[in-house]
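In the numbering used here, the protein residues as written are 84 to 262.
Heads up, the beta-carbon is just placed ideally off N, CA and C, and yes, glycines get one too.
In this text the structure is predicted, and so the values were computed from the model without any measurement.
Before any comments, here is the structure.
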Amino acid sequence: STLVINTIVQEKGARVGLITTAGFRDVLELGRGNRAEIYNLFYTQPAPLVPRFLRYEVPERLDWRGDVVTPLDEDAVRAAVLALKAQQVEGIAVCFLHAYANPAHERRVADLVAELFPDAAVSISSDIVREWREFERTSTTVLNAYAKPQMLAYLSALDRRLQAADFTGAFNIMQSSGG
84 STLVINTIVQ
94 EKGARVGLIT
104 TAGFRDVLEL
114 GRGNRAEIYN
124 LFYTQPAPLV
134 PRFLRYEVPE
144 RLDWRGDVVT
154 PLDEDAVRAA
164 VLALKAQQVE
174 GIAVCFLHAY
184 ANPAHERRVA
194 DLVAELFPDA
204 AVSISSDIVR
214 EWREFERTST
224 TVLNAYAKPQ
234 MLAYLSALDR
244 RLQAADFTGA
254 FNIMQSSGG
């Protein structure tokens, strides 16, 4: 299906919030520090899918091995989730530094979101792409959260139609991850 591609190209995805490690709120703008048009003084970078006011930092830190340096501040997570709920987001992307090595903090945030804001579609970077570069992990996780509500609605409708047609086979989904 081209549903996800069309959602992104047509900019018709969900309103998304981001919860990230304290100090990494602006990773979507900073990227890897390179510019698409290095000699164009008037180049304007595309706007990120998550506006800055919908990005929340929480105290937590893992080192590159996945060892806890700073424990997850669950009160800060709760405050961020409730703020995003008040902003009426549909999806929440969670990306913590070094979560590829230890997903425990991200998984705990997903549990708290399920408890406090069960209608939100949650995407955690350690499930989406276990890669050590935070910009790539964050942007991919945000894209997942952006397209996820529409994809879930599409798959639910397809499942209902299959059941109505008395389909008894297995309903499987394949993921290509660009390959």
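Taking three-plus beta-carbon pairs below 8 angstroms as touching, is the region 119-133 in contact with the region 151-163? no
With a threshold of 6 angstroms on Cβ separation, who are the neighbours of residue 108 within its own chain once the five nearest residues in sequence on each side are excluded? Taking the sequence shown and counting its residues from 1, the one referred to as residue 108 is at position 25. Here the set comprises 138 and 140.
Burial state of residue 244 (16 or more Cβ within 10 Å): Position 161 of the sequence shown holds residue 244. So residue 244 counts as exposed.
Check residue 130 in the structure and name its three-state DSSP category. On the sequence shown, position 47 is the one that residue 130 refers to. Note: residue 130 maps to coil in three-state DSSP.
Would you mind giving the Cβ-Cβ distance between residue 225 and residue 111, rounded to the nearest angstrom? I have them listed as a contact below 8 angstroms. Taking the first residue of the sequence shown as 1, we reach residue 225 at position 142. Taking the first residue of the sequence shown as 1, we reach residue 111 at position 28. Right, the Cβ-Cβ distance comes to about 7 angstroms (below 8 angstroms), so this counts as a contact.
Residue 237 by DSSP, collapsed to three states: which one? On the sequence shown, residue 237 is found 154 positions in, with the first residue counted as 1. In this structure, residue 237 counts as helix in the three-state DSSP scheme.
For residue 100, tell me which candidate among 198, 181, 92 and 134 has the shortest Cα-Cα distance. Locating residue 100 in the sequence shown gives position 17, where the first residue counts as 1. Considering only alpha carbons, the answer is 134.
Secondary structure, beta strand (DSSP E): runs of 3+ residues fully inside the region 96-157: 99-104, 138-141 and 151-153
Do residue 182 and residue 206 have their CB atoms nearer than 8 angstroms? By one-based count along the sequence shown, residue 182 stands at place 99. By one-based count along the sequence shown, residue 206 stands at place 123. Not closer than 8 angstroms, so no.
Would you call residue 259 buried or exposed, if buried means 16 or more other Cβ atoms sit within 10 Å of its Cβ? Within the sequence shown, residue 259 is the residue found at index 176, counting from 1. With fewer than 16 Cβ atoms within 10 Å of its Cβ, residue 259 is classed as exposed.
Which of helix, strand or coil DSSP assigns to residue 177: Position 94 of the sequence shown, counting from 1, holds the residue named residue 177. Of the three classes helix, strand and coil, the one that applies to residue 177 here is strand, per DSSP.
Counting Cβ pairs, one atom from each stretch, are 3 or more of them under 8 angstroms apart for the region 227-236 and the region 84-96? yes
Quick test of your reading: residue 176 and residue 130, contact by CB under 8 angstroms. State the CB separation rounded to the nearest angstrom. Along the sequence shown, read from residue 1 onward, the residue named residue 176 stands at position 93. Along the sequence shown, read from residue 1 onward, the residue named residue 130 stands at position 47. No, residue 176 and residue 130 are not in contact; Cβ-Cβ is about 16 angstroms, not under 8 angstroms.
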